[in-house]
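Numbered per UniProt numbering, the sequence shown finishes at 230, counting up by one with no gaps. We treat Cβ as the ideally placed atom computed from N, Cα and C, and that holds for glycine. Owing to the predicted nature of the structure, the values given are computational and were not obtained by experimental measurement.
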Amino acid sequence: MEAEMVGRLLGVQPSLGEHATKEVVLQTIHSVSLIHLAARGNADRGEIALSPKCTWNNIPQEEDYLLTMSDISKVKLRAKLVVLNCCHSGCGTFKKEGVIGIARKFLASGARSVLVASWAIQDEATEQLMNQFYEHLVAGESASESLHQAIKWLRGNGFAEPNQWAPFVLMGDNVTFDLTKLREYFDGLLTNLGVQRATCDSPWPKVPSGLPRRDKNEQMIAELKTGNTR
Numbered sequence: 001m002e003a004e005m006v007g008r009l010l011g012v013q014p015s016l017g018e019h020a021t022k023e024v025v026l027q028t029i030h031s032v033s034l035i036h037l038a039a040r041g042n043a044d045r046g047e048i049a050l051s052p053k054c055t056w057n058n059i060p061q062e063e064d065y066l067l068t069m070s071d072i073s074k075v076k077l078r079a080k081l082v083v084l085n086c087c088h089s090g091c092g093t094f095k096k097e098g099v100i101g102i103a104r105k106f107l108a109s110g111a112r113s114v115l116v117a118s119w120a121i122q123d124e125a126t127e128q129l130m131n132q133f134y135e136h137l138v139a140g141e142s143a144s145e146s147l148h149q150a151i152k153w154l155r156g157n158g159f160a161e162p163n164q165w166a167p168f169v170l171m172g173d174n175v176t177f178d179l180t181k182l183r184e185y186f187d188g189l190l191t192n193l194g195v196q197r198a199t200c201d202s203p204w205p206k207v208p209s210g211l212p213r214r215d216k217n218e219q220m221i222a223e224l225k226t227g228n229t230r
């Protein structure tokens, strides 16, 4: 599964299946540096269909699961990069200033860069592209170079047709992530507090590997001292 693959590369625990609800996404995305959404997209506006909140008595309504432009416009984002691996996530209404869709809303809400898909491609090609993209991103290469190398790999490994590699477009700034230094920095904070880094079989969340921003360190330290880990 794509989300699990991305989680392994970044060292984080993704929300999957029925846990990837609209409510969870909106509660989470305002405080993270990298957002990755893999779901179905609306062909007209690129809006994203997530898992509906569990209801025993009612059929879910569209507003219960569809992540809309209006939803994103109400969130203040701090993300350096948003990856919308959702078919048609690059779609929208054509106006003088360009295509107005959910990708533009992410940028307007504070995201520095957004990677979108203009149309749906086969699952295998998408999975391979994302794997190559994140491997280069984790290695410290820029988002644009990571995308370039991922597309180059696809074209040379059985996915030469344009409809298999061409839909992905990077919008906004050409960001980079120094994941190694960031994780070492927060590991050092935890060591100074006498707390060991969480392991894969630990019941604690993987705080050091969650790509927190540096200006969140005081909050993290306070939570660890008080035992208020989430």
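DSSP, read as helix, strand or coil, puts Ala38 in strand. Note on Ala117: 16 or more other CB atoms within 10 angstroms of its CB, so buried under the neighbour-count rule.
Around the C-beta of Ser113, 16 or more other C-beta atoms lie within 10 Å, and the residue is accordingly described as buried.
With 16 or more other Cβ atoms from the protein chains shown falling within 10 Å of its own Cβ, Pro52 counts as buried. CA-CA distance, Lys22 to Ser15, rounds to 11 Å.
The beta carbon of Lys152 sits closer than 6 Å to none of the beta carbons in its chain outside the five residues before and after it.
Annotation for Ala111: no beta strand (DSSP E) segment contains it, and DSSP assigns it neither H nor E.
Residue burial annotation: Gly101 is buried, with at least 16 other C-beta atoms found within 10 angstroms of its C-beta.
It is roughly 29 Å from the alpha-carbon of Pro60 to the alpha-carbon of Leu34.
A contact is defined here as three or more CB-CB pairs under 8 Å, and the segment 4-13 meets this definition with respect to the segment 125-140. Counting C-beta atoms within 10 angstroms of its own C-beta, Lys80 has 16 or more neighbours from the protein chains shown and is therefore classed as buried. Each of Ala166, Ser144 and Leu77 was checked against the Cα of Leu154, and the nearest Cα belongs to Ala166. The beta-bridge partner set that DSSP reports for Ser51 consists of Thr21.
The straight-line gap separating the alpha-carbon atoms of Ser109 and Ala160 is approximately 35 Å. Contact between Asp64 and Leu26 is absent: CB atoms are separated by about 12 Å, not below the 8 Å threshold. Secondary structure note for Val83: its beta strand (DSSP E) is the uninterrupted segment Leu81 to Cys86. Assignment of Val6 by DSSP, reduced to helix, strand and coil, places it in the helix class. Burial is judged here by how many other beta carbons sit within 10 angstroms of a residue's own beta carbon; Ala139 has fewer than 16 and is exposed. Distance from the CA atom of Phe177 to the CA atom of Glu141, rounded to whole angstroms, is 8 Å. In this structure Leu37 is in contact with Cys86, their Cβ atoms being roughly 6 Å apart against a cut-off of 8 Å. Going by DSSP, Val138 is part of the alpha helix (DSSP H) stretching over Asp123 to Val138. Taking C-beta atoms as the reference points, Ile29 and Ala39 fail to come closer than 8 Å. In the three-state DSSP reduction, Leu16 falls in the coil class, being neither helix nor strand.
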